[in-house]
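One structure is given below, encoded as structure tokens.
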Amino acid sequence: MSTARPLSNTRRQIFYELISGGTGLFLAVFMWGHVILVGSILTGERGFDWLATMLEDYYVAQPAIAAIFAIFIIHAIFASRKVPAQLRERRRMIGLAKGLKHSGSENVPSRRDNSPFVPHLESMLWIWQVRTGMVMLVIGSFHLILLGTDIYTPLFGPGPGIDSATSMSRVAAGLWVPYAILLLCLEFHASVGLYRLAVKWGAGKLPSRRVLHRIEQLLFWLVLGLGALTLVVLAVLVPPPLEFLLSGVSP
Ligand code: HEM
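Per this note's numbering, the sequence shown starts with residue 76, numbered consecutively.
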């Protein structure tokens, strides 16, 4: 009888881990798809509009925006349960962050340092994952509400639905600033999250942590590069580089 409580608590913790990890994995994969879908603007307005219209005509976009928002919030709730909520713990976190700042770039714990917070790359990644997660919760929620309004109502553009002219004009009008911050945060958050997930669920036994770090960095720069190019095209700063691909296709 005495073991019933700890066991059910352990089961609950594993269940919570599965939810936060599963939703995180789903959102990371969704973001790769998102970068490719929004990246259709690289082929010009025709490519982007064709894709957006198709996703709306086949009723993919309408339920997707609601489902993604729900998963986004569930992930935030379950992943943040371990974030120190109490002031004392926050102070310790700040102390750790300051310690890391003054510890130099080397990843080797100092023998003279008796502090429980040994400067460590993994801890630094964890701290920045919490910070980027908070930024994403604010800007990501704003983005999803904006796009939901765009998809369901005729408030923006000629009618309900996403269209290139509306997207480009709002991004060029200044939305590129929060989008650039969101892009940077989400690429960092997703690639580090996937790395931590791989280490946590045992994939670290096959490739070493060093190899996993390399994969994480490769994904980070690849998707960040594509997302950044998409953003400057949406902001009308550079012309769509792949427009020639659709130039011969009849409308
Ligand atoms: C089904 C859900 C989503 C839809 C339909 C969607 C759609 C779009 C569209 C149409 C744009 C072009 C700019 C605009 O029209 O304002 C855009 C850009 C962007 N979205 Fe989303 N989005 C979704 C979810 C998300 C989520 C969950 C995030 C991250 C938290 C996100 C991050 C971004 C970023 C960073 C950009 C800037 C362009 C880039 O660099 O790729 N989106 N999105």
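Even for Gly, the Cβ is constructed at its ideal location relative to N, Cα and C.
At what residues does the alpha helix (DSSP H) containing Ile140 begin and finish? For Ile140, the enclosing alpha helix (DSSP H) stretches over residues 136-154.
Ignoring anything shorter than 3 residues or poking outside the region 200-283, list the beta strand (DSSP E) runs there in chain order. Within the region 200-283, no complete beta strand (DSSP E) run reaches 3 residues.
Can you tell me which of Met129, Leu294, Gly97 puts its alpha carbon nearest to the alpha carbon of Leu112? Nearest of Met129, Leu294, Gly97 to Leu112, Cα basis: Met129.
Taking only heavy atoms of ligand 1 into account, decide whether any of them is closer than 7 Å to the Cβ of Ile111. Checking every heavy atom of ligand 1 against the Cβ of Ile111, none is found closer than 7 Å.
Does ligand 1 have even one heavy atom less than 7 Å from the beta-carbon of Leu306? Yes; taking the cut-off as 7 Å, the Cβ of Leu306 has a heavy atom of ligand 1 nearer than that.
Given Pro314 as reference, the closest of Glu92, Leu117, Arg86 once Cα atoms are compared: When each option's Cα is compared against that of Pro314, the closest is Leu117.
Is the beta carbon of Gly300 sitting closer than 8 Å to the one on Glu131? No, the Cβ-Cβ distance between Gly300 and Glu131 is not below 8 Å.
Val298 versus Leu100 - alpha carbon distance: Here the alpha carbon of Val298 sits roughly 16 Å from the alpha carbon of Leu100.
Would you tell me roughly how many angstroms separate the C-alpha atoms of Trp201 and Gly302, rounded to the nearest one? In a straight line, the C-alpha of Trp201 is about 24 Å away from that of Gly302.
Neighbour-count burial assignment, Thr207, 16 or more Cβ in a 10 Å radius: So Thr207 ends up on the buried side.
Three-state class that DSSP yields for Tyr43 in the structure shown: Since the first residue of the chain shown is 76 and the last is 326, residue 43 is not available in this structure.
By Cβ distance below 7 Å, which residues in the same chain neighbour Glu291 in space, the five residues on each side in sequence not counted? Ser266, Val267, Leu269, Tyr270.
Ligand 1 heavy atom lying under 7 Å from the CB of Ala139: Because some heavy atom of ligand 1 lies under 7 Å away, the Cβ of Ala139 counts as near it: yes.
Beta-carbon within less than 6 Å of Ala253's beta-carbon, same chain only, minus the 5 sequence neighbours each way: which residues are those? For the record, residue 253 in the displayed sequence is Pro; it is not Ala. Around Pro253: Ile214.
Less than 7 Å separating the Cβ of Phe263 from some heavy atom of ligand 1? At a cut-off of 7 Å, the beta-carbon of Phe263 does not count as near ligand 1: no heavy atom of the ligand is closer than that.
With DSSP collapsed to three states, give me the class of Ala310. Note: Ala310 maps to coil in three-state DSSP.
Among residues of its own chain, excluding the 5 on either side of Ala151, which ones have a beta-carbon nearer than 6 Å to its beta-carbon? Closer than 6 Å at the Cβ level, and outside the excluded window around Ala151, lie Leu212.
Taking 8 Å as the threshold, find out whether the region 133-140 comes into contact with the region 242-251 through three or more Cβ pairs. Under the 8 Å Cβ criterion, the region 133-140 does not count as touching the region 242-251, having fewer than three qualifying pairs.
Any heavy atom of ligand 3 inside 7 Å of the beta-carbon of His288? Within the structure as shown, ligand 3 is missing, the only ligands being ligand 1.
Excluding sequence positions up to five away, which residues of its chain have a Cβ less than 6 Å from the Cβ of Ser83? Excluding five sequence positions before and after Ser83, none of the CB atoms of its chain fall closer than 6 Å to its own CB.
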